[in-house]
Amino acid sequence: MKNLYVVMGGLGKALLWTSLIPSLCKKDGIDKISVMSPWPFLFEKHNLIENHEPLLDFRYFPQLEIYDKIIYHEPYLSDYLKERDQHMLDNWADAYGIERVPPRPRLDPPVGVFSGLRITGNESFELSEKLKNSYYIIQFTGGMGRQGENQLCPRDYRPDLVERLNNKIKNEFNLDCVCFRYEHEPRPSGTITFRSKIESGVLAILPLVVKAKFVICIDSALMHFAACVKDKPTVVLWNTNQTTPNRIGYRFQKNILCDTELCIDTPANEVFDKILEIMK
Numbered sequence: 089m090k091n092l093y094v095v096m097g098g099l100g101k102a103l104l105w106t107s108l109i110p111s112l113c114k115k116d117g118i119d120k121i122s123v124m125s126p127w128p129f130l131f132e133k134h135n136l137i138e139n140h141e142p143l144l145d146f147r148y149f150p151q152l153e154i155y156d157k158i159i160y161h162e163p164y165l166s167d168y169l170k171e172r173d174q175h176m177l178d179n180w181a182d183a184y185g186i187e188r189v190p191p192r193p194r195l196d197p198p199v200g201v202f203s204g205l206r207i208t209g210n211e212s213f214e215l216s217e218k219l220k221n222s223y224y225i226i227q228f229t230g231g232m233g234r235q236g237e238n239q240l241c242p243r244d245y246r247p248d249l250v251e252r253l254n255n256k257i258k259n260e261f262n263l264d265c266v267c268f269r270y271e272h273e274p275r276p277s278g279t280i281t282f283r284s285k286i287e288s289g290v291l292a293i294l295p296l297v298v299k300a301k302f303v304i305c306i307d308s309a310l311m312h313f314a315a316c317v318k319d320k321p322t323v324v325l326w327n328t329n330q331t332t333p334n335r336i337g338y339r340f341q342k343n344i345l346c347d348t349e350l351c352i353d354t355p356a357n358e359v360f361d362k363i364l365e366i367m368k
């Protein structure tokens with residue numbers, strides 16, 4: 089069976105979906121599946137992906153006749169919306185009629201290949217300043233993720249919280265802070281910006297994640313990149329008015345829950361205490 093699977097939404101959501109690729113291959117009785125998505129660089133070189141198709145409009149496209157079925161399931165337009173604790177990956181698996189699997193993004197070539205990239209001098213990305221010490225990575229803003237685009241939205245926590253937290257981490261561990269952000273987003277003082285020079289350059293965050301001491305983020309793409317690296321110490325902040333770890337998170341990550349748009353009720357000390365836990 090030669091099917092085409094459509095994956096819409098943000099980068100992190102697409103990364104989570106890759107957990108299902110081996111099971112979809114097994115269901116269809118083939119070695120490789122084909123995908124349509126707004127993220128070609130995630131799939132084009134994947135060892136279990138035969139073809140990647142770009143997003144198209146509503147015209148007739150004869151080149152798609154090679155597929156038996158074009159299959160699209162959107163959790164955000166399904167029973168997932170009324171299931172308080174159902175994980176998004178389980179919702180996909182049930183809709184596809186495949187076994188449920190633990191959330192573990194699968195990038196092929198595997199992360200180990202990316203970890204061979206140099207931290208500086210790489211053509212696809214750069215850092216705003218040279219690293220002087222060991223480091224951690226933080227992401228404090230996130231996009232709407234509906235159309236594969238990054239847009240500023242209230243799903244973030246304040247730069248001043250990041251600055252207070254960074255000061256405590258520097259005093260305790262003497263670590264540099266790499267901030268995973270777009271240029272138009274706020275830059276907390278004392279942080280080093282990761283800059284992707286080309287669209288696929290965002291994958292270069294992986295070698296940085298591999299070598300980072302730990303990761304701090306909101307429910308965002310960085311959370312899913314960190315999940316590509318086995319047991320990477322990660323602290324995730326969640327606004328429970330929007331979603332929870334049970335619905336889209338990972339078991340190995342440490343979670344901090346709040347119920348405000350900007351995480352304004354989350355003190356730096358609480359995040360720092362979680363860091364001390366994962367650094368033991």
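In our numbering, the protein residues as written are 89 to 368.
We put the CB at the ideal spot given by N, CA and C, even for glycine.
_Rounded to the nearest angstrom, what separates residue 108 and residue 177 at their Cα positions?_
Position 20 of the sequence shown, counted from the start, is the residue given in the question as residue 108. Position 89 of the sequence shown, counted from the start, is the residue given in the question as residue 177. Approximately 8 angstroms between the Cα atoms of the pair.
*Thinking just about the alpha-carbon of each residue, which of 251, 284 and 361 is nearest to the one in residue 212?*
Counted from its first residue, the sequence shown places residue 212 at position 124. Relative to residue 212, the option among 251, 284 and 361 whose CA is nearest is 284.
*Could you give the DSSP three-state label for residue 91: helix, strand or coil?*
Along the sequence shown, one-based indexing puts residue 91 at 3. Here residue 91 sits in strand by DSSP.
*Is DSSP giving residue 122 helix, strand or coil here?*
Along the sequence shown, one-based indexing puts residue 122 at 34. For residue 122, the three-state secondary structure derived from DSSP is strand.
*For residue 188, which option in 300, 111, 194 and 281 has the closest C-alpha, if you only look at C-alpha atoms?*
Start at 1 with the first residue of the sequence shown, and residue 188 comes out as number 100. Considering only alpha carbons, the answer is 111.
*asked:* At a threshold of 7 angstroms, does residue 316 count as lining the ligand SAM (C-beta to nearest heavy atom)?
replied: Within the structure as shown, the ligand SAM is missing, as the structure has no ligands at all.
*How would you write the range of the beta strand (DSSP E) that residue 224 sits in, first residue to last?*
Here residue 224 is taken as the residue at index 136 of the sequence shown, counted from 1. For residue 224, the enclosing beta strand (DSSP E) stretches over residues 223-227.
*C-alpha gap between residue 300 and residue 148, whole angstroms*: Taking the sequence shown and counting its residues from 1, one reaches residue 300 at position 212. Taking the sequence shown and counting its residues from 1, one reaches residue 148 at position 60. Approximately 47 angstroms between the Cα atoms of the pair.
*asked:* With H, G and I counted as helix, E and B as strand and the rest as coil, what does DSSP make of residue 346?
replied: The count along the sequence shown starts at 1 and reaches residue 346 at position 258. Three-state DSSP puts residue 346 in a strand.
*Would a C-beta distance cut-off of 8 angstroms place residue 323 and residue 366 closer than the cut-off?*
On the sequence shown, residue 323 is found 235 positions in, with the first residue counted as 1. On the sequence shown, residue 366 is found 278 positions in, with the first residue counted as 1. In this structure, residue 366 lies closer than 8 angstroms to residue 323 by Cβ.
*Taking C-beta to C-beta, are residue 124 and residue 92 nearer than 8 angstroms?*
Residue mapping note: residue 124 aligns to position 36 of the sequence shown, counting from 1. Residue mapping note: residue 92 aligns to position 4 of the sequence shown, counting from 1. For residue 124 and residue 92, yes; Cβs fall inside 8 angstroms.
*Express the C-alpha separation of residue 126 and residue 252 in angstroms, rounding to a whole number.*
One-based indexing of the sequence shown puts residue 252 at position 164. One-based indexing of the sequence shown puts residue 126 at position 38. A straight line joining the alpha-carbon of residue 252 with that of residue 126 spans about 36 angstroms.
_Opening and closing residue of the beta strand (DSSP E) in which residue 157 lies_ = Working through the sequence shown from its first residue, we reach residue 157 at position 69. Element bounds for residue 157: 157-160.
*What are the partner residues of residue 283, as DSSP defines its beta bridges?*
The residue given as residue 283 occupies position 195 in the sequence shown. Partner residues in the beta bridge of residue 283, as assigned by DSSP, are 214.
*Pick out whichever of 113, 354, 94 and 256 has its Cα sitting closest to the Cα of residue 369.*
In the structure displayed, the chain extends from 89 to 368; residue 369 sits before or after that span and is not available.
*Using a threshold of 8 angstroms, state whether the C-beta atoms of residue 267 and residue 226 are closer than that.*
In the sequence shown, counting from the first residue as 1, residue 267 sits at position 179. In the sequence shown, counting from the first residue as 1, residue 226 sits at position 138. Note that the C-beta distance between residue 267 and residue 226 is below 8 angstroms.
*Which of helix, strand or coil does DSSP assign to residue 312?*
Start at 1 with the first residue of the sequence shown, and residue 312 comes out as number 224. Helix.
_Cβ-based neighbour list, residue 106, same chain, cut-off 6 angstroms, excluding 5 preceding and 5 following_ = On the sequence shown, position 18 is the one that residue 106 refers to. Excluding residues within five positions, the ones whose Cβ falls inside 6 angstroms are 193 and 194.
*asked:* Short of 7 angstroms in beta carbon distance, which residues of its chain neighbour residue 102, apart from the five on each side in sequence? Order them along the chain.
replied: The sequence position of residue 102 within the sequence shown is 14, counting from 1. The beta carbon of residue 102 is closer than 7 angstroms to those of 95, 125, 127 and 130 in its chain, skipping five residues each way along the sequence.
*asked:* Mapping the DSSP letters down to three states, classify residue 153 as helix, strand or coil.
replied: The residue given as residue 153 occupies position 65 in the sequence shown. Residue state for residue 153 is assigned as helix, using DSSP reduced to three classes.
*Helix, strand or coil for residue 238, going by three-state DSSP, please let me know.*
The residue you call residue 238 lines up with position 150 of the sequence shown. Annotation note: pLDDT 43 at residue 238 (below 50); position unreliable, no value reported.
*Could you check what DSSP says for residue 296 in three-state terms: helix, strand or coil?*
Within the sequence shown, the letter at position 208 stands for residue 296. Residue 296 sits in a helix when the DSSP states are folded into three classes.
*Around the Cβ of residue 312, are there at least 16 other Cβ atoms within 10 angstroms (buried) or fewer (exposed)?*
The count along the sequence shown starts at 1 and reaches residue 312 at position 224. That one is buried.
*Residues bridged to residue 139 by DSSP?*
Within the sequence shown, the letter at position 51 stands for residue 139. The partner list for residue 139 (beta bridge, DSSP) is empty, contrary to what the question assumes.
*Work out the CA separation of residue 161 and residue 277 for me, nearest whole Å.*
Counting from 1 along the sequence shown, the entry for residue 277 is found at position 189. Counting from 1 along the sequence shown, the entry for residue 161 is found at position 73. Looking at the two C-alpha atoms, the distance is approximately 42 angstroms.
_Nearest by alpha-carbon distance to residue 159: which of 362, 345 and 185 is it?_
Here residue 159 refers to the residue found at position 71 when the sequence shown is read from its first residue. It is 185 whose Cα lies nearest to the Cα of residue 159.
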